[in-house]
Structure formats: structure tokens, C-alpha cells
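Numbering (this note's numbering), first residue to last: 179 to 605.
The beta carbon of each residue, even a glycine, is placed where N, CA and C say it ideally should be.
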């Protein structure tokens with residue numbers, strides 16, 4: 179007998195991609211900052227956030243900054259000066275020099291290279307973790323042997339192939355900036371991300387697994403580097419009875435108010451990770467039988483923080499989808515779907531998803547920068563696709579992948595509805 183499908187009702191309250199999860203302790207520390215009148219860039223909240231963060235990840239020093247981007251900028255400045263010395267007036271620390279960088283990431287990873295007048299060279303992605311491909315990185319060093327700096331990202335909270343990437347960098351005498359903005363609490367072979375690079379950064383942006391609404395952190399085992407970052411982040415003031423400045427500085431220090439929010443959040447990090455992992459595993463189980471795969475990770479060596487749960491649609495299950503610079507169109511087809519259709523359907527039911535990060539080499543602002551695949555110069559290819567798959571791995575993941583609602587306040591029942599919505603797109 180025919181059985182009518184259960185009607186899917188629109189969510190009354192929006193299901194978010196990843197929104198802040200507050201616990202109440204945050205307002206206590208913010209109020210403390212207010213009542214003690216420590217509202218600027220000094221205070222007990224900042225001291226505690228630095229102590230707790232360093233203790234959690236296992237490094238000696240942490241410097242609280244206004245944003246993850248600020249942390250990445252100062253990482254880049256430090257690396258440039260260590261490699262090439264103090265820049266001349268009106269020049270950046272990377273003046274005219276190339277830097278290898280993860281291709282599939284948010285542009286905050288890359289922009290600090292431009293701030294310091296360097297030139298990003300984008301390294302293609304591998305399929306096992308959706309992170310920088312060690313083989314493509316080795317190829318990049320063959321093409322540009324003078325490069326001495328690599329910016330590595332852990333996409334969506336999943337650790338990259340750290341041992342392989344570090345081995346490549348060590349062979350070529352290159353330093354690593356570790357962008358762990360999305361991966362706080364993730365580990366690789368039992369060691370926390372944010373501690374593998376020569377310079378390391380995390381983010382407390384509003385959608386991160388721990389948030390201050392904004393904010394970031396610089397991690398290091400070098401006291402000298404920590405002190406340098408503290409100085410730079412407070413306008414490079416010298417130890418004089420007046421405002422004395424002998425080098426360019428920045429207004430990058432975290433406020434004691436924002437630090438109060440982060441201080442209240444940090445004790446719940448492991449709880450947030452457990453909730454995010456449960457969401458990932460429910461998707462993995464609930465989407466079985468569909469022509470999709472979850473964003474992968476190295477189950478033997480790494481433990482992600484599962485910040486965002488993502489899927490990639492099998493090639494032969496993709497309906498026709500075309501994307502231009504800002505527009506997209508698709509043709510619905512029975513038994514098939516595409517990221518655009520699924521995202522539109524989720525939005526129709528008041529749930530938020532998101533496309534996978536568009537690769538940096540495909541961004542108009544970086545259209546002239548080099549892009550390196552495991553086969554060589556990706557820009558030189560007349561056709562990104564080769565027999566047996568897509569040579570431009572990052573673009574392939576962008577075309578077929580999407581980020582699912584991953585809010586840790588989403589109930590299991592609400593997630594079941596999300597899963598049903600996704601299933602309906604393939605009918």
C-alpha cells in the first residue's frame with residue numbers, strides 16, 4: 179500500500195551553521211571587568227585567558243589579540259623579519275617574496291601575506307583531510323626553491339598531514355605559520371594543533387567553537403617572540419615616560435571585556451567538541467545510502483574538533499550546476515543533487531548551510547598568483563579536469579561540497595529533520 183511521506187515542517191527557530199553557545203559564566207567575567215573599571219586592554223580576564231589557553235594547548239606563552247587575523251598578521255611579520263631582517267621604510271617584512279599557503283581556506287589566512295607585501299603561492303588540497311597536499315608542496319619547492327615560509331591551515335577543525343608537511347618544510351629549510359583558527363581543541367598524534375608551527379594562531383570569532391564574539395591568540399614557546407607580539411599589538415610603545423615609538427605598531431590587543439567572554443567559554447571547550455562530534459556522527463549515520471561522503475579525517479592519527487560537518491556529493495550524483503563570480507544556477511534532476519539545491523532547500527526550511535570555502539587561487543583578488551598542484555603549475559593547465567578525476571582538487575571539493583548546519587544547540591530531532599531534507603534532494 180502506498181504510504182504518504184511525512185510532511186517536513188519549516189523550523190520555527192532558525193537552525194544555524196554554527197552560532198555561539200553561551201553558558202552564563204561569560205557575563206560574570208564581563209561584569210567583573212565593568213565593575214572593576216578594567217575595560218581596556220589590560221586586566222585579570224586577559225591574564226587568565228592567556229594562562230588557560232597556553233595550558234590547554236600545551237605551549238609556554240599565549241598573547242591575546244583582537245582577532246585571529248591580527249594573530250596571523252603578527253605571525254607573518256615575525257616570520258618575515260626572522261627570515262629577511264628588518265624591512266626598510268615603506269616596505270613589508272616579506273617585500274616581494276613568495277610564501278606557500280593553503281588554497282582552500284578563508285581569505286584571512288592569506289591577506290596578512292599581502293599586508294607585508296609578500297606574494298602568496300597557493301598549494302592544492304588533498305582528498306584525505308581537505309588540507310594542503312604534501313606532494314603539491316614538494317612540487318612547489320621544486321618550482322620555487324628560494325621560498326622559506328609556509329602557511330598551513332587545518333580546515334573546518336580537521337588536522338592536516340602535519341608530519342608529511344613538516345618533513346617537506348624541514349628538507350627545504352622553511353618555517354611554518356600554523357593557522358589553527360578553526361581547530362582549537364583538535365589534536366594530531368596526541369598533540370594539540372596550534373603548537374606545530376614556528377608561529378601559531380587561533381580565532382575566537384563569533385562562529386568558532388569557543389568565542390569572545392571576536393578575538394584571537396598567538397601561541398609560542400619563545401619568550402622573545404611573545405614579548406615582541408605584545409609590544410607590536412599595543413602600538414609598539416617603548417619603555418619611556420612618554421609615548422615613544424621606534425617601529426610601526428598596531429592596535430591589536432584583546433580587550434578585557436572580550437577576554438571575559440572567552441574566559442567564561444574556555445572551561446566548556448571539551449563539552450563543545452563532544453557535541454560537535456556527536457553532530458558529525460549523526461550525519462554520518464543518517465546519510466548512509468546517499469551518494470555523499472562526510473569531510474574526511476585521519477582516524478588513526480588525528481582527532482578533529484568537528485567544528486563544521488560537511489559533505490561532498492559523488493561525481494555521478496551531481497546534477498548540472500554552474501557558478502560564475504557571484505551567481506549560480508542548476509538543473510534539478512531525479513536521483514541527483516548539487517550543493518546549491520541542498521543549500522536552497524535548507525534555507526527554505528529555515529536552516530543555514532554554506533558552500534565550502536572557494537579556493538584562494540580562484541578568487542579575483544588573487545587571480546594572478548601562482549597555484550601549484552601535485553602535477554605542477556595549476557595555472558598552466560588549459561583544463562582543470564583530467565581523465566579519472568579533477569586535477570584541481572580544491573576546486574572540485576568547492577564544486578561538490580557544502581557545510582551542513584553544525585550548531586551544537588541543534589537537537590537530535592532537529593538534525594533528523596535536516597537529514598530528511600537532504601535526502602529529499604536526491605529523490
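Using C-beta distances below 6 Å, list every residue in its chain close to residue 372, excluding the 5 sequence neighbours before and after it, in chain order.
Once the five neighbours on either side are set aside, the close Cβ partners of residue 372 are 235, 358, 378, 380 and 397.
Per-residue burial, residue 303 [other beta carbons within 10 Å of its own, 16 or more giving buried]
buried
Buried/exposed call for residue 333, threshold 16 Cβ in 10 Å:
buried
For residue 516, which residues of its own chain have a beta-carbon under 6 Å away from its beta-carbon, when the five flanking residues on both sides are left out?
496, 497, 499 and 508
Buried or exposed for residue 215, please, with buried defined as at least 16 other CB atoms from any protein chain shown within 10 angstroms of its CB.
exposed
Taking only the alpha-carbon atoms, compute the straight-line gap between residue 599 and residue 591 and give it to the nearest angstrom.
Between the C-alpha atoms of residue 599 and residue 591 there is a straight-line separation of about 13 Å.
Looking at the secondary structure, which residues open and close the beta strand (DSSP E) in which residue 377 lies?
377-381
Backbone secondary structure at residue 453 - three-state DSSP:
helix
Residue 398: first and last residue of the uninterrupted beta strand (DSSP E) it sits in
394-398
Determine the extent of the beta strand (DSSP E) in which residue 279 is found, giving its start and end residues.
276-280
Contacting residues, own chain, Cβ-Cβ under 6 Å from residue 462 (five flanking each side not counted):
472
Name the residue from 601, 603, 604 and 595 whose alpha carbon lies nearest to the alpha carbon of residue 187.
595
Is the segment 412-430 in contact with the segment 206-213, if contact means three or more CB pairs nearer than 8 Å?
no
Tell me the rounded alpha-carbon separation between residue 279 and residue 185.
For residue 279 and residue 185, the gap between their C-alpha atoms comes out near 46 Å.
Simplified DSSP assignment, three categories, for residue 191:
coil
Indicate whether the contact test is met: 3 or more Cβ pairs, each with one atom in the segment 325-332 and one in the segment 260-280, closer than 8 Å.
yes
Can you look up residue 310 in the DSSP assignment and give me helix, strand or coil?
Here residue 310 carries a strand assignment [DSSP, helix/strand/coil].
Buried or exposed: which applies to residue 450, given that a residue is buried once 16 or more other Cβ atoms fall within 10 Å of its Cβ?
buried
Let me know if residue 281 comes out buried or exposed under the rule of 16 or more other beta-carbons within 10 Å of its beta-carbon.
buried
Following the continuous beta strand (DSSP E) through residue 409, name the residue where it begins and the one where it ends.
First-last for residue 409: 401-411, but that is the alpha helix (DSSP H), not the beta strand (DSSP E).
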